[in-house]
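Asker:
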Amino acid sequence: MEKRFFKCNKLYHYGVVGRSLALLEFYLRGRIQRIDINGERSSETTVNMGVPQCSVLGPFLFLVYMNDLPHLVKDGHGIALFADDTSLLSKINGEQPAFHAVNSTISERVERLSIDILLLN
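Start counting the sequence shown at 1; every next residue gets the next number (UniProt numbering).
If you want it as structure tokens, here you go:
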């Protein structure tokens, strides 16, 4: 249960427990992935994080993990969410302290998302 909780802690937080949590954890782990480029195929690798692209559950799981992100943004910053794109909004007048504040906010969000086991790209 410890590994399952670690990978699906946000789902657990929202009340997904027992068999439902076990089923979703099984769905998210152990997938095989490979890449085809110009007829060349890579070797297979096991993927234990992330949500499969074009999956039925993908949008639901994305919303679960992104749900509290707007509430984490503070100090005069804003956030724009559309589909799977997220932008941090800040008003900057070109002064160095403002840039530091934005970088600090981004670092805090990245740290928070890494706690929730969500990768940024």
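Note that beta-carbon positions come from the ideal geometry of N, C-alpha and C, so glycine has one too.
Small disclaimer: the values here were computed from a predicted structure and weren't measured.
Helix, strand or coil, according to DSSP, for L119 in the structure here?
Answerer: In this prediction, L119 has a pLDDT of 44, which is less than 50 and means its spatial position is unreliable; what the coordinates show is noted afterwards. It is coil, neither helix nor strand.
Asker: Relative to the C-alpha of V73, which residue among L11, E25, A83 and S87 is closest?
Answerer: S87
Asker: Rounded to whole angstroms, what's the CA-CA distance from Y12 to T46? Just pull it up for me.
Answerer: 24 angstroms
Asker: In the DSSP assignment, the beta strand (DSSP E) including R31 goes from what residue to what residue?
Answerer: R31 to Q33
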